[in-house]
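Under numbering that gives the first Met the number 0, the sequence shown has 49 at position 50, and the numbering climbs by one with no breaks.
Ideal Cβ placement from N, Cα and C applies to all residues, glycine included.
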Amino acid sequence: MIRGQAVSAAVMLEVGRALSCENRLNLLMALTEGEATVSELVDYTGTSQPNVSNHLAVLRSVGLVASERSGRTVRYELASPEVGNLVKALMAVAEDRELTGRT
0 MIRGQAVSAA
10 VMLEVGRALS
20 CENRLNLLMA
30 LTEGEATVSE
40 LVDYTGTSQP
50 NVSNHLAVLR
60 SVGLVASERS
70 GRTVRYELAS
80 PEVGNLVKAL
90 MAVAEDRELT
100 GRT
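Dropping the structure here:
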């Protein structure tokens, strides 16, 4: 059996939907640099706090992002190294398309 065939297409589709939003991709790219608070992610993306929080909830619901509370502060990070690899691979594909002029 090919690795990954045990994963249902429906779950992969949920992850794909979560990745299909520019704001969520920007959050994931920010988190490839390390963990961050909502305030830091608001500064990074230029998006409102409620918007960032809602997008983080979506990313958390599909297992792309994890959070940890410390007092009143919640820090977010990529859920696994595989998520980081996925985001970096998407960034490389996009960069290649930009460099070659393919759209």
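* Across which residues does DSSP place Ser69 in a beta bridge pair? -> Thr72
* Return the residue from the list Val10, Leu40, Ala9, Met11 that minimises the CA-CA distance to Leu24. => Leu40
* Rounded to the nearest angstrom, how far is the Cβ of Val37 from that of Val64, given a contact under 8 Å? -> No, Val37 and Val64 are not in contact; Cβ-Cβ is about 12 Å, not under 8 Å.
* Asked: What are the partner residues of Val10, as DSSP defines its beta bridges?
  -> Answer by DSSP bridge pairing: none, since Val10 is not bridged.
* **Rounded separation between Val82 and Ser7 - CA only** => 18 Å
* Can at least three beta-carbon pairs, one atom from the region 14-30 and one from the region 39-54, be found at a separation below 8 Å? -> yes
* Among the residues of its own chain, which have a CB less than 6 Å from the CB of Val61, if the five just before and after it don't count? -> Glu13, Val14, Ala17
* To do: With DSSP collapsed to three states, give me the class of Thr36.
  => strand
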